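*Asks:* With this note's numbering as the guide, the letters of the sequence shown map in order to residues 47 to 436. Let me begin by handing over the structure; questions about it come next.
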Amino acid sequence: MAPTLRSFHLQKGSQMNWASFYRPARAPRGRWRNVFKLSLRDTHGPGPLPQEHQLAQTEFVTDGSKPSEQAYFHHQRKQADAPDSALQKAWFNSMKNILEEIDQVLRCIPDRMPFRFLDLGYIYHNLCEFQLRLRSIPLGSCCPGGFSSYILEKNSRASGVGISLPIESGGHACLLEEDHLLRFELHWADLTQYQLGPTFIDGAQLQNFPVSPGFDLVLIDGHPLRSASSDIHLDGDRLLISQVIAGFVSVAFGGTIIFKQSKPERLVTSQLIFLFDGLCAEVRTWKPVCMHGTRSTFYIVAKGFGLGSRALLRQQMVGGLMSLWVELSFAQGSRGRTGRKLRATDLNFIVDSKTLKTDYAPRLRELSEHIWTTQSKCLQGWRNAQADGF
47 MAPTLRSFHL
57 QKGSQMNWAS
67 FYRPARAPRG
77 RWRNVFKLSL
87 RDTHGPGPLP
97 QEHQLAQTEF
107 VTDGSKPSEQ
117 AYFHHQRKQA
127 DAPDSALQKA
137 WFNSMKNILE
147 EIDQVLRCIP
157 DRMPFRFLDL
167 GYIYHNLCEF
177 QLRLRSIPLG
187 SCCPGGFSSY
197 ILEKNSRASG
207 VGISLPIESG
217 GHACLLEEDH
227 LLRFELHWAD
237 LTQYQLGPTF
247 IDGAQLQNFP
257 VSPGFDLVLI
267 DGHPLRSASS
277 DIHLDGDRLL
287 ISQVIAGFVS
297 VAFGGTIIFK
307 QSKPERLVTS
317 QLIFLFDGLC
327 AEVRTWKPVC
337 MHGTRSTFYI
347 VAKGFGLGSR
357 ALLRQQMVGG
367 LMSLWVELSF
377 AQGSRGRTGR
387 KLRATDLNFI
397 VDSKTLKTDY
407 APRLRELSEH
417 IWTTQSKCLQ
427 GWRNAQADGF
């Protein structure tokens, strides 16, 4: 039997014998078997994580580095802000494929047992990557419901809750199948407009968070609408912290969080990986080849929330995030704006950059290197196809 990779995950604090990393094992069944082999192929052993300026020059970080590619991806992003009904349905199905791929590899969704999930990916989605696979379809915007549809279809005893930006605010209609709606509760709201601070904020027209804790799975896959504001980075930073807070206060003890992020070498992303790695019993990362192969995005899959080696710091971490959320939402910004962007030191209460580049560097590389490798291979394949006229 040909060797397959057992996993790219290491238990925290353990030392991996990389010769034993390969063994005859059953790879994921079904159509993601080859995807599994592609994403984990040629993954090397742990070593010192390159400095950020060095990493930017490596073969792994090639996300639209040429001017022609930058122009192409910019064109895709512009088209992605104008939805098309046919594309929305195609995007809906592709989101189902993403979660199916993750589930095939990392076993996140049970088949039969009662299962409650919260889908925070309903808020905003970026569609530009999808056009790389369906170039004949004019690009549209987001299409919510694919993740939830996959879970409800796989597990007849599952039930879910979703939070979606209202249609009149730039959100999009729910495409969840009619026979699944009885097991799904949808809240139309902007996640950043909930009471997510450490104390009640009076007079801010904020709603109370509408769901109670205890979800077996929380899906975090939101993305700010580029058309929503002239400052996408301010909105994106506030949304990022809002989603993490919402996930932490909603997930059950021992539950799972699936969280989309980008560029594991980026400081904020590395700090969040460290946070999940400490609070959860088991953390893995995965880049779905079916959709995210050429881009820098990937998923953190964190199981056993509250059971990690630093789980006793959970309340302290949540409190720090809530205080930061208040700053991002209400600090007096420039040009009379309310709120501010993330600063380089904002998440130092989680971990500082020095620790990431020293003590935590081997672990961070273990969770990151296959992401860079997969992106490099997929982008090179896309470049070859472009050169051949496809």
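Quick reminder that beta carbons are idealized off the backbone N, C-alpha and C, glycines included. Note that this is a predicted model, so its numbers are computed, not measured.
Measure the CB-CB distance between residue 198 and residue 222 and report whether it falls below 9 Å.
*Replies:* Along the sequence shown, read from residue 1 onward, the residue named residue 198 stands at position 152. Along the sequence shown, read from residue 1 onward, the residue named residue 222 stands at position 176. Yes. Within cutoff.
*Asks:* Mapping DSSP to helix, strand and coil, what is residue 209?
*Replies:* If you number the sequence shown from 1, residue 209 lands on position 163. Correct three-state label for residue 209: strand.
*Asks:* Check each candidate in 328, 250 and 418 and name the one with the smallest Cα separation from residue 342.
*Replies:* Taking the sequence shown and counting its residues from 1, one reaches residue 342 at position 296. Closest by alpha carbon: 418.
*Asks:* As an exercise, report each continuous beta strand (DSSP E) stretch of at least 3 residues that is fully enclosed by the stretch 316 to 347, in chain order.
*Replies:* Listed in chain order, the complete beta strand (DSSP E) runs (minimum 3 residues) inside the stretch 316 to 347 are 326 to 332.
*Asks:* Thinking just about the alpha-carbon of each residue, which of 141, 430, 421 and 160 is nearest to the one in residue 310?
*Replies:* By one-based count along the sequence shown, residue 310 stands at place 264. Minimum Cα distance to residue 310 is reached at 421.
*Asks:* If you follow the alpha helix (DSSP H) that residue 384 is part of, which residue opens it and which one closes it?
*Replies:* By one-based count along the sequence shown, residue 384 stands at place 338. Unbroken run through residue 384: none, as it is neither H nor E.
*Asks:* Please tell me whether residue 429 and residue 371 are closer than 9 Å, where the distance is taken between their beta carbons.
*Replies:* One-based indexing of the sequence shown puts residue 429 at position 383. One-based indexing of the sequence shown puts residue 371 at position 325. In this structure, residue 371 does not lie closer than 9 Å to residue 429 by Cβ.
*Asks:* Suppose the cutoff is 6 Å on Cβ atoms and the five residues either side in sequence are ignored; what does the same chain contact list for residue 339 look like?
*Replies:* On the sequence shown, position 293 is the one that residue 339 refers to. Once the five neighbours on either side are set aside, the close Cβ partners of residue 339 are 424.
*Asks:* Specify whether the stretch 345 to 355 and the stretch 317 to 333 touch according to this definition: at least 3 beta carbon pairs, one from each stretch, less than 8 Å apart.
*Replies:* Touching, yes.
*Asks:* Beta-carbon within less than 6 Å of residue 387's beta-carbon, same chain only, minus the 5 sequence neighbours each way: which residues are those?
*Replies:* Within the sequence shown, the letter at position 341 stands for residue 387. For residue 387, where only same-chain residues beyond five positions count, the Cβ hits under 6 Å are 279, 280 and 283.
*Asks:* Could you tell me the boundaries of the beta strand (DSSP E) in which residue 306 lies?
*Replies:* Numbered from 1 along the sequence shown, position 260 holds the residue referred to as residue 306. Segment 297 to 308, the beta strand (DSSP E) holding residue 306.
*Asks:* Leaving out five residues before and five after residue 306 in sequence, what residues of the same chain have Cβ atoms less than 7 Å from its Cβ?
*Replies:* Here residue 306 refers to the residue found at position 260 when the sequence shown is read from its first residue. Hits under 7 Å: 266, 267, 343 and 345.
*Asks:* Exposed or buried, what is residue 225 when buried is set at 16 or more other beta-carbons lying within 10 Å of its beta-carbon?
*Replies:* On the sequence shown, residue 225 is found 179 positions in, with the first residue counted as 1. Burial call: exposed.
*Asks:* Relative to the alpha-carbon of residue 320, which residue among 409, 374, 431 and 416 has its alpha-carbon at the smallest distance?
*Replies:* Locating residue 320 in the sequence shown gives position 274, where the first residue counts as 1. Out of 409, 374, 431 and 416, 409 has the C-alpha closest to the C-alpha of residue 320.
*Asks:* By DSSP's criteria, residue 200 is part of a beta bridge. Which residues make up the other side?
*Replies:* Numbered from 1 along the sequence shown, position 154 holds the residue referred to as residue 200. DSSP output for residue 200 lists no bridge partner at all.
*Asks:* Indicate whether residue 207 and residue 163 have their beta-carbon atoms separated by less than 9 Å.
*Replies:* Taking the first residue of the sequence shown as 1, we reach residue 207 at position 161. Taking the first residue of the sequence shown as 1, we reach residue 163 at position 117. The answer is yes: Cβ separation under 9 Å.
*Asks:* Give the straight-line distance between the Cα atoms of residue 334 and residue 140, rounded to the nearest whole angstrom.
*Replies:* Translated into the one-based positions of the sequence shown, residue 334 becomes position 288. Translated into the one-based positions of the sequence shown, residue 140 becomes position 94. Straight-line Cα distance between these residues: approximately 11 Å.
*Asks:* Buried or exposed: residue 289, going by 16 or more other Cβ atoms within 10 Å of its Cβ?
*Replies:* As a position in the sequence shown, residue 289 is number 243, starting the count at 1. Buried.
*Asks:* Quickly, what does DSSP pair residue 264 with across the bridge? List them, please.
*Replies:* For the purposes of this step, residue 264 is taken as the residue at position 218 of the sequence shown. DSSP lists 164 and 303 as partners of residue 264.
*Asks:* So residue 192 and residue 220 are in contact, right, with Cβ under 8 Å, and what is the actual spacing, rounded?
*Replies:* The residue you call residue 192 lines up with position 146 of the sequence shown. The residue you call residue 220 lines up with position 174 of the sequence shown. With a Cβ gap of about 11 Å, residue 192 and residue 220 do not count as contacting.
*Asks:* Apply the 10 Å Cβ neighbour rule to residue 358 and answer buried if 16 or more other Cβ atoms are within range, or exposed otherwise.
*Replies:* Start at 1 with the first residue of the sequence shown, and residue 358 comes out as number 312. Classification of residue 358: exposed, given that the 10 Å Cβ count is below 16.
*Asks:* Roughly how many whole angstroms lie between the Cα atoms of residue 187 and residue 167?
*Replies:* Position 141 of the sequence shown, counting from 1, holds the residue named residue 187. Position 121 of the sequence shown, counting from 1, holds the residue named residue 167. With a pLDDT of 30 at residue 187, under the threshold of 50, the predicted position of this residue should be treated as unreliable, and no value is reported.
*Asks:* Nearest-angstrom Cα distance between residue 287 and residue 367?
*Replies:* Here residue 287 refers to the residue found at position 241 of the sequence shown. Here residue 367 refers to the residue found at position 321 of the sequence shown. So the alpha carbons of these two residues sit roughly 7 Å apart.
*Asks:* Please report the Cβ distance between residue 196 and residue 231, rounded to the nearest whole angstrom; I am assuming they are in contact, meaning their Cβ atoms lie under 8 Å.
*Replies:* Counting from 1 along the sequence shown, the entry for residue 196 is found at position 150. Counting from 1 along the sequence shown, the entry for residue 231 is found at position 185. Actually they are not in contact, since the Cβ atoms of residue 196 and residue 231 sit about 17 Å apart, beyond 8 Å.
*Asks:* For residue 416 and residue 245, I'd like the C-alpha separation in whole angstroms.
*Replies:* Here the question's residue 416 lines up with position 370 in the sequence shown. Here the question's residue 245 lines up with position 199 in the sequence shown. Approximately 41 Å between the Cα atoms of the pair.
*Asks:* What are the partner residues of residue 349, as DSSP defines its beta bridges?
*Replies:* Against the sequence shown, residue 349 aligns to sequence position 303. 328, per the DSSP bridge assignment.
*Asks:* Just checking my contact of residue 352 with residue 395 at CB under 8 Å: how many whole Å lie between their CB atoms?
*Replies:* By one-based count along the sequence shown, residue 352 stands at place 306. By one-based count along the sequence shown, residue 395 stands at place 349. At roughly 19 Å, the Cβ-Cβ gap does not stay under 8 Å, so residue 352 and residue 395 are not in contact.
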